[in-house]
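I have placed the structure first, in the form of structure tokens, so that the comments after it can refer back to it.
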Amino acid sequence: MRSITCAKVQILAAIDLVLSSATTTAMGLQRILIKTHHMTSRKKIGIITRATKRLDCSVLLKVGANPGIMLCEGQENHASEWETVVRVSSWICFQHAGQDELQDVLDPLVALVPKVIEEIPRGKANTNSQKLRYKDMRLLKRESISEPHLATLGVKEGDVKEMEEVKDFAKLLEKDPRLFHSWRVGMGYVKDDGE
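Just so we're aligned: the sequence shown equals residues -20 to -1, 1 to 175 in mature numbering (1 follows the signal peptide of the UniProt record, and there is no 0).
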């Protein structure tokens, strides 16, 4: 019973995050850096890709073995909604597949989160649900960016670029020294020197 109460609190927090991102009127640019233990599930990557296309964000993914890295750029409200889709879709799949007691809470939440996550099974137990969680998922950095366009990632709006090695990820980011420094600070590789 305690896990259900905890789950309801987490769901309400997720609903609040969805509502706050949906009502954001600011149209500044935002960059979001998320780290996970690994990213090997093609289903998770598919959810991220659909959210990216729908929200016109630019996303770099470091897939495969440890670590999994997601770097997203987009309009502030779109990038926030993308982050919400990543968090909520993973969390619903892992935490609550098969818990009918939470169905009345989950249905309104899924209705609030865009159709990107419609394919996620709810209700009856899903034996594959544990594969959809993000192990050790952490938001490392969220920042407003001042670039006049989103070309700094080298990825067109609405596209996802996948890499399997951190060194390839870093090499792509090195093309923009400010972006590369920001990423290194976010990952904890260097201390922020106030730039």
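The beta-carbon is built from N, C-alpha and C at its ideal position, and this holds for glycine as well.
Residues Cys52, Ala59, Glu63, Arg122 of the same chain have their beta carbon placed closer than 6 Å to that of isoleucine 12, with the five preceding and five following residues left out of the count. Take glycine 44, set aside five residues on each side of it, and the residues of its chain with a beta-carbon closer than 6 Å to its own are Glu144, in chain order.
No residue range can be given for lysine 115, since it is assigned to no beta strand (DSSP E) and is classified by DSSP as neither H nor E. Contact between the segment 146 to 163 and the segment 26 to 35 is absent: fewer than three C-beta pairs spanning the two stretches fall below 8 Å. Following the DSSP letters along the chain, one finds methionine 167 inside the alpha helix (DSSP H) bounded by residues 157 to 167. Only residues of its own chain outside the window of five on either side were considered, and among them Thr16, His17 have a CB closer than 7 Å to the CB of aspartate 116, listed in chain order. In the three-state DSSP reduction, valine 135 falls in the coil class, being neither helix nor strand. As the crow flies, the alpha-carbon of lysine 141 is around 6 Å from that of leucine 41. In the DSSP assignment, threonine 20 falls outside any alpha helix (DSSP H) and carries neither an H nor an E.
Between glutamine 10 and serine 124, the beta carbon gap of about 6 Å places them in contact (Cβ cut-off 8 Å). Nearest neighbour of glutamate 56 by Cα position, chosen from Asp36, Pro47, Met50, turns out to be Asp36. In this structure, DSSP gives lysine 42 an extended state, which the three-state scheme calls strand. The Cβ neighbour count for lysine 155, taken over all protein chains shown within 10 Å, is under 16; the residue is labelled exposed. In this chain, valine 170 is not harboured by any alpha helix (DSSP H), its DSSP state being neither H nor E.
Note that the C-beta distance between serine 21 and glycine 138 is not below 9 Å. Leaving aside the five residues that flank arginine 118 on each side, the residues in its chain whose CB is nearer than 8 Å to its CB run, in chain order, Ile14, Lys15, Thr16. Residue pairing by DSSP places lysine 121 opposite Leu13 in a beta bridge. In this structure, the beta-carbon distance from glycine 48 to methionine 19 falls below 9 Å.
According to the DSSP assignment, glycine 54 belongs to the beta strand (DSSP E) that extends over 48 to 55.
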